[in-house]
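See below for the structure under consideration.
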Amino acid sequence: MDFETRAARAGVGWDSAYRSVATPIYQTAIFEHQKPLVPGADPYSYTRLGNPTRAALEHTLADLEGGGHAFAFSSGMAAIYATLQTLRPGSHIIATAGLYGHTFAVIQDILAPLGIRAAYVDTSSVEAVLSAWTEKTAAVYVEMPSNPLLRAADLPALASICKERKARLIVDSTFLTPWGIRPLELGADIVVHSATKYLAGHNDTLAGAVIVRSPSLAEELAVLQRLTGSVLSPFDSFLTLRGIKTLAVRMERAQANAMALAEWLRGHPLVEEVHYPGLAHHPDRPLFEKQARGFGSVLSFAVKSPGAALRVLERTRLILVAESLGGVESLITYPWTQTHQNIPPAERARLGIHDRLLRLSVGIESAADLIDDLAQALEGAGA
Ligand SMILES: Cc1ncc(COP(=O)(O)O)c(C=O)c1O
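Everything in the sequence shown is counted per this note's numbering, starting at 18 for the first residue and increasing by one.
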């Protein structure tokens, strides 16, 4: 069946006791064993090791990503940390320059002291990835697309390089979701999500996910998830599953809004740059068209001065100043001092993340209302 149908029916048919259509929240830490006791015979014993609500979500995630095994974690960072813990001490990673700040911090502050080193390159260039390769490179870690300039990576090309050189391709697919792109089908080994964003979709829960096809990687991740305990709670599993049911319609609506806003911003006299892959001038539009169903609903734009950027933030009324993305509400952030503040200033400058840039996560409100809000914010902010 098509993606839309499978998403809408997420979790249906899981309640063998009463045939409830909504997935029940099994809010329990423990499950009583049947008697006589047969070790290993009962499907559930202890919620850290497994819970039916979480299992329904994991089944859905694996299905929608076209992968074999999914693991739901208590946040995107917990999912990413578990993924990176599968790397051996001494290994080398090539990662997207300008990674989400906390992923960058995990690599630099937690993994580097354990002997795992990273090189940060523009992963929209296959040559840049190849030139950073060392004999210890064990993984290429890509955010597809990058944030906040929305540069794409050529996943099939990177996957074949990784395969040839026996490294893993790990893709943070938070911005496009399996509605927009399915990295495992393009050759990636591991997909990670901050399910806090589009998958859950309502800014009401933190959640993370890892999806893989390889049974041996799945076994490693299962051990990490169960032993370290950063599992998604039954209630948050329920909320994420409920969010996924409307993923396709939310993505379509949010993306249509983002396109309308990007085009409007491009024609505004106080706006100097607009970065949205759906626009014809975006350098990676062809790469998106080649591998993704759409462009997502995050965009960034530059105004004429840092002062004007701060004034826009002060003046928006409908669009909330909050550091996230992918929810039904539109949000605006200032990467310079918020999402990207722990990237050294020189590196931010090299990446084109400057102090006049604002990032918008476009929600599912009326595009006309969002444009009105931006119009009054920009007008009052001036140059
Ligand atoms: C691309 C990306 N990956 C990972 C994360 C971390 O996810 P979480 O906040 O759910 O831990 C974020 C959060 O903003 C993100 O934007």
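Note that beta-carbon positions come from the ideal geometry of N, C-alpha and C, so glycine has one too. This structure is a prediction, so every number in the text was calculated from the model and none was measured.
Query: Among L258, I97, D59 and L201, the one whose alpha carbon lies nearest that of T77; Result: L258
Query: Span of the alpha helix (DSSP H) around G197; Result: T194 to G197
Query: Inter-residue CB distance, Q102 and P251 (contact presumed, cutoff 8 Å); Result: In fact, because the Cβ distance is near 24 Å, the residues do not count as touching under 8 Å.
Query: Cβ shell of L241 (< 8 Å), same chain only, five flanking positions each side left out; Result: A99, Q102 and T103
Query: P195 beta carbon less than 9 Å from that of F48; Result: no
Query: Alpha-carbon spacing of A169 relative to M161, whole angstroms; Result: 6 Å
Query: C-alpha gap between L304 and V55, whole angstroms; Result: 54 Å
Query: S141 Cβ short of 8 Å to ligand 1 heavy atom set; Result: no
Query: Contact under 9 Å by Cβ, S347 with L377; Result: yes
Query: L223 (DSSP reduced to helix, strand or coil); Result: coil
Query: Any non-hydrogen atom of ligand 1 within 8 Å of K214 CB; Result: yes
Query: Stretch-stretch touch, CB-based, cutoff 8 Å, three pairs: the stretch 66–82 with the stretch 20–34; Result: yes
Query: Exposed unless 16 or more other CB atoms sit within 10 angstroms - verdict on K52; Result: exposed
Query: Ordered list of beta strand (DSSP E) runs contained in the stretch 123–180, each at least 3 residues; Result: 134–138 and 154–160
Query: Other residues of its chain near L128: CB distance less than 7 Å, five sequence neighbours each side excluded; Result: L101
Query: Whole-angstrom distance between L374 and R332, CA atom to CA atom; Result: 16 Å
Query: Anticipated Cβ contact below 8 Å, F90 with A239, distance rounded; Result: Their Cβ separation, rounded to whole angstroms, is 12 Å, which puts F90 and A239 out of contact at 8 Å.
Query: Element boundaries [alpha helix (DSSP H), containing L104]; Result: First-last for L104: undefined, no H or E at that position.
Query: G8: CB within 8 Å of a non-hydrogen atom of ligand 1; Result: With the chain represented from 18 up to 400, any question about residue 8 goes unanswered, as that position is not in the structure.
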